[in-house]
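**Q** My questions all concern the structure below.
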Amino acid sequence: MSTSEHAHEHAHGHDDHEEEDTGGPVHVHIASTGFYWGIFAALICLTILTVKVSYYDFGSANIVIALLIATMKASLVAAFFMHLRHDKLFNTLAFLAAFLFLGIFILLTYDDLGNRGRVDPAYGGTVIPQTGLVAPGGAPSTSATQDDSQEEAPKAGGGEKKE
Amino acid sequence: MANVTETADAKDHAHAHPDFLQHHFDTPTQQFNASKLGMWVFITTEILMFGGLFCAYAIWRGLEPDIFDQSHHFLNKIMGATNTIVLLFSSLTAALAVRSAQVGKRNLTSIYLVITILCAGVFLVVKYFEYTHKFHLGLLPGHCFGHPWFSASIQNGQEIGTCVRGADPATVMPEWVKAVDEGGKLQVLPPRANMFFGLYFIMTGLHGLHVVVGMSILAWVLVKNMKGKFSPQYFTPVDLGALYWHLVDLVWIYLFPLLYLVGKPE
């Protein structure tokens, strides 16, 4: 992605490829103004697309479509506005590493959550539904939360308790 | 800086040591590459910081898909899309500011930087209107969720939201929020819907903080540029300031669909 050839104007004739650092001025790829406007136009088109698409219901695919379009936009910004396309490959790797570790973070958190117990509505303890064993921590399930709020309702009594 | 020149002479370089070259770097290219890598590592840490919130979003969305569907109708898609376009445009002008600096058009760099900062201001103004509307509806999370201090039930002669805290518990549970959403539909939100609005305010709030910081950085770059500190040989601060600004744009590119768009349309 970062080292292939390109056809934009250059300020210093050539770059991209590793060249000997003779102590002279910094060599960078300089894209034309029109090129940046083109990227902007593409970003606007994708924004309009993602808003238009949101008025239709594709069920669970909604989030997939939205994230796909967002990733296309983010790639355009990172590759061209942030110059990653013509930058050192190592910078791209550092950037992508963030998403790798973010993925690990989210996956492990999901795994942890899936193996925790649910708040038992009857006893208030946290249990693993399959085994009935007490589990530490655990997020209250939706139904348990609903039960909690139903219990609170009678306590509010005549309604004077809270302003 | 004076002694830098001396050491440069002593080392017998092919090129003289320019003013901007710090003494611990051998060449401008080495300094430039080091600065860039440092900025990218910083961007990585920024992504991981926002990542914690995206993780929280993923988990709460998984636990409460219906609440998210219902609550996201309180976010105005048009205002969100407007802000997206404003930020994308400011990203364009930031990229053009870097380009102008690279080719040595100093005044043009200043103009592009000013436009970028102004766009950031427009973004914050739109966000202000979005936030205040939610405060008036009583959608501020935490103890304030549905609190009468924050919910004005009548606006422009129209009922827009009612706090039903303390209302007849037989019919409505306390702290439920009844409010008109952006589609004009009256919604009744359970207390735990404040989780959605908590994520909304923290995610967009942290992003808004980055917008303010980005404005400050770009303003600092603008001042240095007007003082003539940059040239086609040395434009690193313009480049790195713009990188920070693009990061702000990147985060919003994900926040916008995840908060405003995903979910069942009405």
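Top line first, the protein sequences correspond to chains A and B. Take 36 as the starting number for the first sequence in this note's numbering and just add one per residue. Take -1 as the starting number for the second sequence in this note's numbering and just add one per residue. Every residue, glycine too, gets a C-beta built ideally from N, C-alpha and C. Predicted model only: the values in this text are computed from it and were never measured.
1) With residue 192 (chain B) and residue 139 (chain B) assumed to form a contact (beta carbons below 8 Å), what rounded beta-carbon distance in angstroms separates them?
2) Using a 10 Å radius around the Cβ and a threshold of 16 neighbouring Cβ atoms, would you call residue 66 (chain B) buried or exposed?
3) Measure from the C-beta of residue 86 (chain A) to each C-beta in chain B and report whether the shortest distance is under 7 Å.
4) Would you kindly work out how many angstroms separate the C-alpha atoms of residue 212 (chain B) and residue 243 (chain B), rounded to a whole number?
5) Step through the CB atoms of chain A and report whether any lies within less than 7 Å of the CB of residue 89 (chain B).
6) With H, G and I counted as helix, E and B as strand and the rest as coil, what does DSSP make of residue 184 (chain B)?
7) Using a C-beta to C-beta distance shorter than 7 Å, which residues of chain A count as neighbours of residue 104 (chain B)?
8) Hey, residue 184 (chain B) and residue 178 (chain B) are a contact pair by Cβ (cut 8 Å); roughly how many whole angstroms apart?
9) Is there a C-beta anywhere in chain A that falls below 7 Å from the one on residue 231 (chain B)?
10) Would you mind telling me which residues of chain A sit closer than 7 Å to residue 26 (chain B), beta carbon to beta carbon, in chain order?
11) Between the region 54 to 68 of chain A and the region 90 to 103 of chain B, can you find at least three pairs of beta-carbon atoms closer than 8 Å?
12) From the DSSP output, read off the bridge partner residues of residue 178 (chain B).
13) Taking the continuous alpha helix (DSSP H) assigned at residue 47 (chain B), which residues delimit it?
14) Just grab the DSSP bridge partners of residue 229 (chain B) for me.
15) Rounding to the nearest angstrom, what Cα-Cα distance links residue 106 (chain A) and residue 84 (chain A) in this structure?
16) Identify, in the order they occur along the chain, each residue of the same chain with its Cβ nearer than 8 Å to the Cβ of residue 265 (chain B), setting aside the five sequence neighbours on each side.
17) Measure the alpha-carbon distance for residue 248 (chain B) versus residue 71 (chain A) and round it to whole angstroms.
18) Quick check: the Cα distance between residue 8 (chain B) and residue 33 (chain B), rounded to an integer number of angstroms?
19) Cα separation between residue 69 (chain B) and residue 133 (chain B)?
20) In terms of residues, what are the limits of the alpha helix (DSSP H) holding residue 126 (chain A)?
21) Is it true that the region 55 to 63 of chain B meets the region 214 to 229 of chain B, where meeting means three or more beta-carbon pairs spaced less than 8 Å apart?
22) Measuring straight from C-alpha to C-alpha, what distance separates residue 109 (chain B) and residue 208 (chain B)?
23) The alpha helix (DSSP H) spanning residue 262 (chain B) covers which residue range?
24) Taking contact to mean 3 or more Cβ pairs, one atom from each stretch, closer than 8 Å, check whether the region 110 to 122 of chain A and the region 116 to 127 of chain B are in contact.
25) Grouping DSSP H, G and I as helix and E and B as strand, with all else coil, what is residue 100 (chain B)?
26) Can you give me, in chain order, the residues of the region 177 to 194 of chain B that have a beta carbon less than 8 Å from any beta carbon in chain C?
27) Compare the C-alpha of residue 57 (chain A) against each of B:15, B:79, B:118, B:256 and name the closest.
**A** If we stick to the structure as given:
1) Start at 1 with the first residue of the second sequence, and residue 192 (chain B) comes out as number 194. Start at 1 with the first residue of the second sequence, and residue 139 (chain B) comes out as number 141. Correct: roughly 4 Å between the Cβ atoms.
2) The sequence position of residue 66 (chain B) within the second sequence is 68, counting from 1. Label assigned to residue 66 (chain B): buried.
3) Along the first sequence, one-based indexing puts residue 86 (chain A) at 51. In terms of beta-carbon proximity, residue 86 (chain A) lines the interface with chain B, with at least one pair separated by less than 7 Å.
4) One-based indexing of the second sequence puts residue 212 (chain B) at position 214. One-based indexing of the second sequence puts residue 243 (chain B) at position 245. Their Cα atoms are separated by approximately 6 Å.
5) As a position in the second sequence, residue 89 (chain B) is number 91, starting the count at 1. Yes, residue 89 (chain B) counts as interfacial toward chain A.
6) Counted from its first residue, the second sequence places residue 184 (chain B) at position 186. Note: residue 184 (chain B) maps to strand in three-state DSSP.
7) Here residue 104 (chain B) is taken as the residue at index 106 of the second sequence, counted from 1. Result: empty, since nearest Cβ-Cβ is about 16 Å, beyond 7 Å.
8) For this step, residue 184 (chain B) is matched to residue 186 along the second sequence. For this step, residue 178 (chain B) is matched to residue 180 along the second sequence. That belief holds up - the Cβ atoms of residue 184 (chain B) and residue 178 (chain B) are roughly 5 Å apart, short of 8 Å.
9) Position 233 of the second sequence, counted from the first residue, corresponds to residue 231 (chain B). True, the Cβ-Cβ gap to chain A drops below 7 Å.
10) Numbered from its first residue, the second sequence carries residue 26 (chain B) at position 28. Within chain A, the residues whose beta carbon sits less than 7 Å from that of residue 26 (chain B) are 60, 61, listed in sequence order.
11) yes
12) Translated into positions along the second sequence, residue 178 (chain B) becomes position 180. Per DSSP, B:184.
13) As a first step, residue 47 (chain B) is located in the second sequence; it is residue number 49 there, counting from the start. Residues 26 to 61.
14) Numbered from its first residue, the second sequence carries residue 229 (chain B) at position 231. Paired residue(s): B:232.
15) For the purposes of this step, residue 106 (chain A) is taken as residue 71 along the first sequence, with counting starting at 1. For the purposes of this step, residue 84 (chain A) is taken as residue 49 along the first sequence, with counting starting at 1. Between residue 106 (chain A) and residue 84 (chain A), the C-alpha separation is close to 13 Å.
16) Missing from the structure shown is residue 265 (chain B); chain B here goes from -1 to 264 and no further.
17) As a first step, residue 248 (chain B) must be located in the second sequence, where it is residue number 250. As a first step, residue 71 (chain A) must be located in the first sequence, where it is residue number 36. Approximately 16 Å between the Cα atoms of the pair.
18) Here residue 8 (chain B) corresponds to residue number 10 of the second sequence, with the count starting at 1. Here residue 33 (chain B) corresponds to residue number 35 of the second sequence, with the count starting at 1. A caution first: residue 8 (chain B) carries a pLDDT of 46, below 50, which makes its placement in the model too unreliable to give a value.
19) As a working note, residue 69 (chain B) is residue 71 in the second sequence. As a working note, residue 133 (chain B) is residue 135 in the second sequence. Distance between the alpha carbons of residue 69 (chain B) and residue 133 (chain B) is about 14 Å.
20) By one-based count along the first sequence, residue 126 (chain A) stands at place 91. Start and end: 124 to 149.
21) no
22) Sequence index remark: in the second sequence, residue 109 (chain B) carries index 111 (1-based). Sequence index remark: in the second sequence, residue 208 (chain B) carries index 210 (1-based). Computed Cα separation, rounded: 22 Å.
23) Start at 1 with the first residue of the second sequence, and residue 262 (chain B) comes out as number 264. Where residue 262 (chain B) is concerned, there is no enclosing alpha helix (DSSP H), because DSSP gives it neither an H nor an E.
24) no
25) Indexing the second sequence from 1 puts residue 100 (chain B) at position 102. Three-state result, residue 100 (chain B): helix.
26) Protein chains A and B are contained in the structure displayed, whereas chain C is not.
27) Taking the first residue of the first sequence as 1, we reach residue 57 (chain A) at position 22. The shortest C-alpha separation from residue 57 (chain A) is found at B:15.
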